[in-house]
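Asker: Attaching a single structure in structure tokens format; questions to follow.
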Amino acid sequence: MTGTCGTPTAVLDVEGAAAPPRANGELVFAEPWESRAFGMAVSLSEQGVFAWDTFRDRLVARIAAWEAEAGPDAPGFRYYTCWLAALEDVLVASGRLAADEVAAHSAVLAARPAGHDHGGHGHGHGHGHGHGH
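In terms of the UniProt record's numbering, the sequence shown opens at residue 1 and continues consecutively.
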């Protein structure tokens, strides 16, 4: 299921609605959270938490819903927003997460300042962040 560098090969669609964005054959992530969401979905599927086909079906459904609402060529499409929503869908459907937990965690993460990927702490781990504290 994974290639020589740990990159998923057999599970990813190359064409069609579920195919992730690529440039020169390489996966493209516009923001760090996108690569994390990608890795979580692949890892959880490889661990047997859910079937990849189930995830792919939810991803295609999420993309189709976005296109139906906004139009297939509308600006602002974010593939990995649909990816993350599909991941949440399969985790809730499998009973691994409750829908209210997803909503609560999403609200907390959305409230964080941009570029601040960790909870509040005293920065006693040997690096600064250049964001004023």
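Glycine included, C-beta positions come from ideal geometry on N, C-alpha and C.
Suppose you measure from the CA of P75 to the CA of A85; what does that come to, to the nearest Å?
Answerer: P75 and A85: Cα-Cα distance of roughly 19 angstroms.
Asker: Rounded to whole angstroms, what is the Cα-Cα separation between A18 and D100?
Answerer: Each residue's alpha carbon lies about 27 angstroms from the other.
Asker: Hey, how far is the Cα of A64 from the Cα of P113?
Answerer: Their backbone Cα atoms lie some 30 angstroms apart in a straight line.
Asker: Within the same chain, show all residues whose beta-carbon is closer than 7 angstroms to that of G16, passing over the 5 residues directly before and after it, in chain order.
Answerer: Counting only Cβ-Cβ distances below 7 angstroms, and skipping sequence neighbours, we find nothing.
Asker: Under three-state DSSP, which class holds L12?
Answerer: Here L12 sits in coil by DSSP.
Asker: According to DSSP, is A103 part of a helix, a strand, or is it coil?
Answerer: DSSP places A103 in helix when its eight states are reduced to three.
Asker: Per DSSP, what kind of secondary structure is R78 in: helix, strand or coil?
Answerer: DSSP places R78 in coil when its eight states are reduced to three.
Asker: Specify, as a first and last residue, the run of the alpha helix (DSSP H) that R96 falls within.
Answerer: Here R96 belongs to no alpha helix (DSSP H), and DSSP marks it neither H nor E.
Asker: Should D89 go down as buried or exposed, given a rule of 16 or more other Cβ atoms within 10 Å for buried?
Answerer: Buried, because 16 or more other Cβ atoms sit within 10 Å of the Cβ of D89.
Asker: Report the rounded CA-to-CA distance for E46 versus E67, giving the unit in angstroms.
Answerer: Approximately 29 angstroms, taken between the alpha carbons.
Asker: Using the Cα positions of A28 and V11, report the straight-line distance between them to the nearest angstrom.
Answerer: Note that residue 28 corresponds to Val in the displayed sequence, not to Ala. Taking the straight line from one Cα to the other gives about 17 angstroms.
Asker: Using the rule of at least 16 other Cβ atoms within 10 Å of the residue's Cβ for burial, across every protein chain shown, is E26 buried or exposed?
Answerer: E26 is exposed by the Cβ-count criterion.
Asker: Excluding the 5 residues preceding and the 5 following E34 in the sequence, name in chain order all residues of the same chain whose CB lies nearer than 6 angstroms to its CB.
Answerer: Around E34: Y80.
Asker: In whole angstroms, what is the alpha-carbon distance linking R22 and A98?
Answerer: R22 and A98: Cα-Cα distance of roughly 32 angstroms.
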